[in-house]
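K.L.:
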Amino acid sequence: MRTVFSSEQIAKFQQHPCVFACTERSIHYTFEFKKRALDLYTEGIKPDEIWKQAGFDVNIWKKNYCGYTIKDWRRMAEKGGLESLTKRGGMQSDRGSKDSADKMRRLELQVKYLKAENDFLAKLRAKRAESSSGRVRNTRSSGN
Numbered sequence: 000m001r002t003v004f005s006s007e008q009i010a011k012f013q014q015h016p017c018v019f020a021c022t023e024r025s026i027h028y029t030f031e032f033k034k035r036a037l038d039l040y041t042e043g044i045k046p047d048e049i050w051k052q053a054g055f056d057v058n059i060w061k062k063n064y065c066g067y068t069i070k071d072w073r074r075m076a077e078k079g080g081l082e083s084l085t086k087r088g089g090m091q092s093d094r095g096s097k098d099s100a101d102k103m104r105r106l107e108l109q110v111k112y113l114k115a116e117n118d119f120l121a122k123l124r125a126k127r128a129e130s131s132s133g134r135v136r137n138t139r140s141s142g143n
């Protein structure tokens, strides 16, 4: 489960020089911080210590958050070069096809639902037309 930040924490993060953007559930770090963190990690400095040196309180995150984040950045840099660290959203390139498949499945289900809804409405209209035409006949015949 992810850490959820309070509005006070978000405001504090947004003032931090190493933070590009912050929401209730995520922090987007600057390219400079990511690059520096990877350099320090390569030199043997522990991830928690890197965040502490940058002025962050590591106790607000779940255990191993800093380590997992560094490993993600390292994997991104190895796969797509340092430029990949400028992209937001972690390992997006690894999730693209799954997201497309999920989206396609949702759209197919939506089309199926809408077709069923149209069929139902067509039957309902036909039934109403039939019953209203039946009432008119009954009214005329009873008036005779």
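First residue of the sequence shown: 0, per numbering that gives the first Met the number 0; consecutive thereafter. Ideal placement from N, C-alpha and C gives every residue a C-beta, glycine not left out.
Starting from the C-beta of V3, find all residues in its chain whose C-beta is less than 8 Å away, skip the five residues before and the five after it, and write them out in chain order.
P.N.:
Answer for V3: E23, R24, listed in chain order.
K.L.:
Taking all protein chains shown into account, do 16 or more other C-beta atoms lie within 10 angstroms of the C-beta of L84, making it buried, or fewer, making it exposed?
P.N.:
Burial call: buried.
K.L.:
Check the C-beta distance from F32 over to C21 and give it rounded, since I have them as a contact under 8 Å.
P.N.:
Not confirmed; about 13 Å, so no contact.
K.L.:
Smallest Cα separation from W60: which of H15, L108, I26?
P.N.:
Cα-wise, what sits closest to W60 is I26.
K.L.:
Quick check on the burial criterion: 16 or more other C-beta atoms within 10 angstroms. Buried or exposed for F119?
P.N.:
Looking at its Cβ environment, which holds fewer than 16 other Cβ atoms inside 10 Å, F119 is exposed.
K.L.:
Counting C-beta neighbours from all protein chains within 10 Å, is the total for G75 16 or more, i.e. buried, or is it exposed?
P.N.:
The question names Gly, yet the displayed sequence has Met at residue 75. It is buried - the Cβ of M75 has at least 16 other Cβ atoms within 10 Å.
K.L.:
Pull the bridge partners of Y28 from the DSSP assignment, please.
P.N.:
Answer is V18.
K.L.:
If you draw a straight line from the alpha carbon of G43 to that of K114, how long is it in whole angstroms?
P.N.:
Those two C-alpha atoms are separated by around 60 Å.
K.L.:
Suppose contacts are defined by Cβ-Cβ distances below 8 Å. Is L37 in contact with I9 by that definition?
P.N.:
Not a contact, by the Cβ cut-off of 8 Å.
K.L.:
For N40, does the count of other Cβ atoms within 10 angstroms reach 16, so buried, or fall short, so exposed?
P.N.:
Inspection of the sequence shows that residue 40 is occupied by Tyr rather than by Asn. With 16 or more Cβ atoms within 10 Å of its Cβ, Y40 is classed as buried.
K.L.:
Near G80, what residues of its chain come up, given a Cβ to Cβ distance below 8 Å and the 5 sequence neighbours on each side ignored?
P.N.:
If we look at G80 and ignore the five residues flanking it on each side, it has no Cβ neighbours.
K.L.:
Tell me the rounded alpha-carbon separation between N63 and D47.
P.N.:
Those two C-alpha atoms are separated by around 8 Å.
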